[in-house]
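Participant:
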Amino acid sequence: MIAKILEPGFEGDGKLSNDLHSAFLRGYPIENLRPLLISKSETVLGTAAFLVTELGWVVHPFVAEIVDLLYQPRARVRFDAIQALARCTTPDDGWALGRVLQLLGDPDDFVRGGAMWFIRVSSRWQLRAALDNAAPQKPDSVFSEIQSMYLRRGRYCSTDIIRAFIKHPHPIARRFGVGLAARPRLIVDETLLSIAIASEDEEIRDRAAEFRGWIFPADAILSSAFIDQIS
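Residue numbers for the sequence shown follow our numbering, beginning at 204 and rising by one.
Spelled out as structure tokens, the structure:
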């Protein structure tokens, strides 16, 4: 199957990709995935991106190769790489998560949505590592300000910090804010997403509405008046 995918002129094959995915799950050595990840063919890299997204943690040995996918021309490949890195990284891979966060500035809305999804689903250590690395990787950018705002108050996700992000003049900060507002908690406060839905930025409004429509964790409680009830 690997040889078939690497043949010149390969145009993609969903069944073949699924069969290879099943083989890896059954114990086919994961190292055999490497030739696909370093291919020069955009089609082959698309197949590789699909596989790393579906295989989860077992592709951890290929973090560096997956980061390279973040810079591929195809938006779907970049999106899949974001998902893969959210699932296969460790605290030693903060440099890779910083690259993921930078895709909040991607020219493609689909990929930007993937970066916002990462903010929504990442663990606390992943988000902190992403911020700690994105700022120095992109000096003199808005990421330094985002990091400062988050470390000062954002990790508590109060309404004032969500408003500060959503009303920020830089679109990357606004996108970070909507992802932050959508992060699942033991209690999911709809008030935070309502702040984003009221934004003057159409992209932020649409993404917030999309996030609110997604299924929350089974143990989450939706409350539009949570802050008032505990204050």
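We treat Cβ as the ideally placed atom computed from N, Cα and C, and that holds for glycine. Bear in mind the structure is a predicted one, so any value in this text is a computation, not a measurement.
Given this structure, state the Cα-to-Cα distance separating leucine 454 from tryptophan 260, to the nearest angstrom.
Facilitator: Not covered by the structure: residue 454. The range shown for the chain is 204 to 434.
Participant: Quick check: what's the CA-CA separation for arginine 327 versus asparagine 221?
Facilitator: Each residue's alpha carbon lies about 32 Å from the other.
Participant: Could you check the C-alpha separation between glutamate 348 and threonine 293 for me, to the nearest Å?
Facilitator: About 25 Å.
Participant: Is it a yes or a no for the stretch 396–409 touching the stretch 297–304, going by three-plus beta-carbon pairs under 8 Å?
Facilitator: Segments in contact, no.
Participant: Could you give the distance in angstroms between the alpha-carbon of isoleucine 205 and the alpha-carbon of leucine 383?
Facilitator: Cα-Cα distance, rounded: 40 Å.
Participant: For alanine 289 and leucine 228, I'd like the C-alpha separation in whole angstroms.
Facilitator: Approximately 19 Å, taken between the alpha carbons.
Participant: Considering only C-alpha positions, which residue in the set His371, Thr250, Leu354 and Ser325 is nearest to glycine 338?
Facilitator: Here the sequence assigns alanine to residue 338, which means glycine is not the residue at that position. The shortest Cα separation from alanine 338 among His371, Thr250, Leu354 and Ser325 belongs to Leu354.
Participant: Please list, in chain order, all residues of the same chain as valine 314 whose beta carbon is under 8 Å from its beta carbon, the five residues on each side excluded.
Facilitator: Within the same chain, valine 314 has close Cβ partners Ala278, Arg281, Phe282, Ile285 and Leu306.
Participant: Can you give the Cα-Cα distance for histidine 263 and cysteine 291, rounded to whole angstroms?
Facilitator: Those two C-alpha atoms are separated by around 5 Å.
Participant: Closest to proline 374 by CA distance: which of Ile407, Glu214 and Leu330 is it?
Facilitator: The residue with the shortest Cα to Cα distance from proline 374 is Ile407.
Participant: Residue range of the alpha helix (DSSP H) that proline 310 falls in?
Facilitator: Here proline 310 belongs to no alpha helix (DSSP H), and DSSP marks it neither H nor E.
Participant: Alpha carbons only, please: which of Ala385, Arg237 and Ser361 is nearest the one belonging to serine 325?
Facilitator: Here the closest residue by C-alpha is Ala385.
Participant: Just the C-alpha distance for serine 225 and lysine 207, rounded to the nearest angstrom, thanks.
Facilitator: Rounded to whole angstroms, serine 225 to lysine 207 spans 16 Å at the Cα level.
Participant: In chain order, what residues of the same chain have a beta carbon less than 7 Å from the beta carbon of arginine 366, not counting five sequence neighbours either side?
Facilitator: Around arginine 366: Ile398.
Participant: Verify whether the separation of the beta carbon atoms of arginine 410 and glycine 316 is less than 8 Å.
Facilitator: Yes, these two residues count as a Cβ contact at 8 Å.
Participant: Just the C-alpha distance for glutamine 340 and aspartate 296, rounded to the nearest angstrom, thanks.
Facilitator: Rounded to whole angstroms, glutamine 340 to aspartate 296 spans 14 Å at the Cα level.
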